[in-house]
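These protein sequences, in sequence, are chains A and B. Just so we're aligned: 232 in our numbering is position 232 of the first sequence, and the numbers increase by one with no gaps anywhere. Just so we're aligned: 1193 in our numbering is position 193 of the second sequence, and the numbers increase by one with no gaps anywhere. For each residue, glycine too, the CB sits at the ideal point set by N, CA and C.
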Amino acid sequence: MAINAAEVPGLVERMPAFPQGVTKVLDLASRPDCAPKALVQVIEHDPVMTMKVLKLVNSAYFGLSRPINSINHGVVYVGINTIKNLALSIAAIGMLPKSNKAGLDMNQFLAHSLGVASVAKLLATHLGVPDKDATDFFVAGLLHDFGKVVLAQFKPEAFRLCLDQAAEQGRSLHEVELESQGISHDEIGGRLAEVWKLPPALVHAIHHHHHPEHGAEDAGDGMCEAVFAANQIVRSLGFGDAGNPLIAEFPPLVSERFGNDLSGLMSVLGDLSGEMEKARLFTQL
Amino acid sequence: MHFKFWGVRGSIPAPGPKTVHYGGNTTCIEVRGDNNELLILDGGTGIFPLGQSLIPEFPLKVHIFITHTHWDHIQGLPMFLPIFMPGNEVTIHGAADPITQRDIGEVLARQMEYAYFPVREAELNASMSYLNIQEGQRVQVGGVTVSSMLLNHPVLNFGYRVECGGKVFVFTGDHEWPFNIYSEDDPDYADYQQMVDQQRSRVIEFFRDADVLVIDTAYTDAEYPSRKGWGHGTFGSSIEAAREAGVKRVFLTHHEPTRSDAALELAFDEARKCHDVGREMDPQFDLAREGVMIEI
């Protein structure tokens, strides 16, 4: 049964965050001397918490006059105690199970998301993006596959078929999803981000992370291309797994942006094992 | 436009002989427009005597702007006489609760539930309405315009800028200037500082050229380090911000409940000396005092 895009936002309201994030938030929030930066660090390494906090701070309940694109940005605008209580309210929903009927290993998925986030941020610096905006690339990398968590949670049987088919046929997962479900995880994530009024560049990067050339005129900062490239790089490194067996070559837009193809860019970046190790730390409970 | 302080104390009422001069009621300010439009900023315990004073004006229309829903800013609302009288129209503006996703009306109705108060919100005789405030939104009350800005406190807190006949009155509610959560050697320090600086500029613009600024000044500069993150300003931070914003007159409020009249004046005197208050172009600084009415 195909997923109904219109029902997704309501379903996600009740979706819990990753066990790593939930456990750490509950632990930190129980300490009276909880350091704000420690809390921020936990939230910004959990795709579900990040998505939900950004959703809330960009919602009408805050009525802020400008979009909020990172957790730190949110803390400056709405205060650390409100962010802490938002995180606690998300933690109170429960935790995502480590395994699900779809067969998507959530630890591997988290590793993939964190890996792409880290590399996307590196690529931002590589592109000469100012440091303050490089964090937005991290957020985009972290959230790019959010639609897969939704599918694994709410359409596990259908998503399992897609995962199996992609693995067996060595095809791109999003194409299989599109073929069998009529909608792919990138569109689900992008639509959610749009409905929740996340900043347009972030919406664009999530929605088009497999096809940065689509709607490229809407986003000129290279975020989407960076997420695309980071996605291929992290898969080439064999770090984490989000169910897509295919490593795609760079389309012209991405090659032009970085002045390199995939292997060329990887050579330029050099050894990423330190970055990946830092990301791995956040997948541990 | 004119205004009157009905409550200037922070956190909890502080009645008694040692606070009789500046007053012991918690936050409440009455603001009147040029056509006698009635606006009230916050419903701390000061709103109780204010409500009594309004009897001759019944039936009346009043707009209450709640900066935030901590007890000391809402606790007088259930005892605000106009809400019990038919014919009165009471409109309450304030922030929704983003954590529980309750509107301002639902948040306030909770303090009138069975366990806390004998009269339920549904039983109030006045015509009651509640409106959620959004940042930047402008609310028109007769000839008075109220705009809002989210300021930093451990709950959503809106500062209000009230304008009428070319005069500007600004009230912060509770506000602590955002600070950097990273240490200087942290890689995130510089980016965060940039956001902090940007937010400070926005707040200063919100205060810009106000005829009167009423600003949260709970702590002395010496007290602040042990109260950092509690959501309040200091004598030093208020004096500097008012200077920067080109404000004409400043009333320092949210007096500490433990501070006697004498201690409050001593703290104010020390701050004036320390920050060289009175130099050329300085705003006029005063301590907010219950019962004082000021024409703007």
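Opening and closing residue of the beta strand (DSSP E) in which residue i lies
i: asparagine 1157(B); result: 1157-1164
i: isoleucine 1029(B); result: 1028-1032
i: glutamate 1089(B); result: 1089-1094
i: phenylalanine 1171(B); result: 1167-1171
i: lysine 1004(B); result: 1002-1007
i: threonine 1145(B); result: 1144-1151
i: glutamate 1295(B); result: 1293-1295
i: tyrosine 1127(B); result: The question names tyrosine, but residue 1127(B) is serine in the sequence shown. 1127-1132 is the extent of the beta strand (DSSP E) around serine 1127(B).
i: lysine 1061(B); result: 1061-1065
i: glutamine 1140(B); result: 1138-1141
Beta carbon proximity, residue i to chain B, threshold 9 Å
i: methionine 1(A); result: Caution is warranted here: a pLDDT of 47 is assigned to methionine 1(A), below 50, making its placement in the model unreliable, and the coordinate value is therefore given only provisionally. No - not a single Cβ of chain B is within 9 Å of the one on methionine 1(A).
i: valine 195(A); result: no
i: isoleucine 80(A); result: yes
i: threonine 135(A); result: yes
i: leucine 202(A); result: no
i: serine 180(A); result: no
Length of the line joining the Cα atoms of residue i and residue j
i: alanine 1222(B); j: isoleucine 1066(B); result: 30 Å
i: alanine 1014(B); j: leucine 1108(B); result: 23 Å
i: glycine 1094(B); j: glutamine 1137(B); result: 12 Å
i: proline 214(A); j: glutamine 1198(B); result: According to the sequence displayed, residue 214(A) carries histidine and not proline. If you take the alpha carbons of histidine 214(A) and glutamine 1198(B), they lie about 34 Å apart.
i: phenylalanine 1251(B); j: phenylalanine 1285(B); result: 6 Å
i: valine 1247(B); j: leucine 1124(B); result: 40 Å
i: asparagine 81(A); j: phenylalanine 250(A); result: 43 Å
i: methionine 1(A); j: alanine 17(A); result: Reliability of the predicted coordinates at methionine 1(A) is poor, the pLDDT of 47 falling under 50, and the value obtained from them is presented with this limitation in mind. So the alpha carbons of these two residues sit roughly 25 Å apart.
i: valine 1090(B); j: glutamate 175(A); result: 58 Å
i: leucine 26(A); j: valine 1031(B); result: 44 Å
i: lysine 1029(B); j: cysteine 1164(B); result: Looking at the sequence provided, one finds isoleucine at residue 1029(B) rather than lysine. So the two alpha carbons sit approximately 16 Å from each other.
i: histidine 1063(B); j: glutamate 179(A); result: 57 Å
i: isoleucine 43(A); j: lysine 278(A); result: 16 Å
i: alanine 35(A); j: leucine 1213(B); result: 32 Å
i: glutamate 157(A); j: leucine 151(A); result: 9 Å
i: asparagine 1132(B); j: serine 1148(B); result: 11 Å
i: threonine 1220(B); j: glycine 1236(B); result: 7 Å
i: serine 263(A); j: isoleucine 83(A); result: 40 Å
i: glutamine 41(A); j: serine 255(A); result: 32 Å
i: aspartate 131(A); j: leucine 123(A); result: 11 Å
i: serine 1183(B); j: tyrosine 1189(B); result: 6 Å
i: histidine 208(A); j: histidine 144(A); result: 9 Å
Residue-level contact to chain A via CB, residue i, 9 Å cutoff
i: proline 1225(B); result: no
i: alanine 1014(B); result: no
i: glutamine 1101(B); result: yes
i: lysine 1196(B); result: For clarity, residue 1196(B) is valine in the given sequence; the question names lysine instead. Yes, because at least one Cβ of chain A sits closer than 9 Å to the Cβ of valine 1196(B).
i: aspartate 1186(B); result: yes
i: histidine 1254(B); result: no
i: histidine 1063(B); result: no
i: serine 1011(B); result: no
i: glycine 1159(B); result: no
i: glycine 1233(B); result: no
Start and end residues, alpha helix (DSSP H) containing residue i
i: glutamine 181(A); result: 173-181
i: phenylalanine 1285(B); result: Not the alpha helix (DSSP H): phenylalanine 1285(B) falls in the beta strand (DSSP E), residues 1284-1287.
i: tyrosine 77(A); result: 71-78
i: leucine 163(A); result: 156-169
i: isoleucine 1040(B); result: Run containing isoleucine 1040(B): none in the alpha helix (DSSP H); it sits in the beta strand (DSSP E), 1038-1041.
i: valine 42(A); result: 36-43
i: histidine 1275(B); result: Per DSSP, histidine 1275(B) belongs to no alpha helix (DSSP H) and is neither H nor E.
i: histidine 1052(B); result: The sequence as given places glutamine at residue 1052(B); histidine does not occur at that position. That run of the alpha helix (DSSP H) goes 1047-1053.
i: threonine 23(A); result: 19-29
i: histidine 299(A); result: Nothing in the structure corresponds to residue 299(A), since chain A is present only between 1 and 285.
Neighbour list for residue i in chain B, Cβ cutoff strictly below 9 Å
i: phenylalanine 62(A); result: Ala1095, Ala1096, Pro1098, Gln1134, Glu1135, Leu1150, Leu1156
i: leucine 86(A); result: Pro1098, Ile1099
Interface partners of residue i on chain B, CB under 7 Å
i: lysine 37(A); result: Ile1181, Tyr1182
i: serine 89(A); result: Ile1099
i: asparagine 69(A); result: Per Cβ cutoff of 7 Å: no residues; asparagine 69(A) is ~11 Å from chain B at best.
i: serine 65(A); result: Glu1135, Gly1136
Closer than 8 Å: residue i CB and nearest the ligand PLP heavy atom
i: valine 53(A); result: Absence of the ligand PLP from the depicted structure is noted, as is the absence of any ligand whatsoever, leaving it without description.
Chain A residues whose Cβ lies nearer than 8 Å to that of residue i
i: glutamine 1199(B); result: Val76, Tyr77
i: tyrosine 1192(B); result: Asn72, Val76
Under 9 Å from the C-beta of residue i: neighbouring residues of chain A
i: proline 1178(B); result: Val75, Val76, Tyr77, Gly79
Chain B residues whose Cβ lies nearer than 8 Å to that of residue i
i: aspartate 131(A); result: Ala1190, Asp1191
i: leucine 56(A); result: Pro1098
Chain A residues whose Cβ lies nearer than 7 Å to that of residue i
i: histidine 1153(B); result: Gly79
Jot down the residue ranges of each uninterrupted alpha helix (DSSP H) in the stretch 204-279 of chain A, minimum 4 residues, whole runs only, in chain order.
Segments of the alpha helix (DSSP H) lying fully in the stretch 204-279 of chain A: 223-236, 252-258, 262-269.
Enumerate, from N- to C-terminal direction, the unbroken beta strand (DSSP E) stretches of 3 or more residues contained entirely within the stretch 123-152 of chain A.
none
Quick check for students: name the residue ranges of the beta strand (DSSP E) that lie wholly in the stretch 1197-1257 of chain B, counting only runs of 3 or more.
As for any beta strand (DSSP E) of minimum length 3 sitting wholly inside the stretch 1197-1257 of chain B, the runs are 1212-1216, 1249-1253, ordered along the chain.
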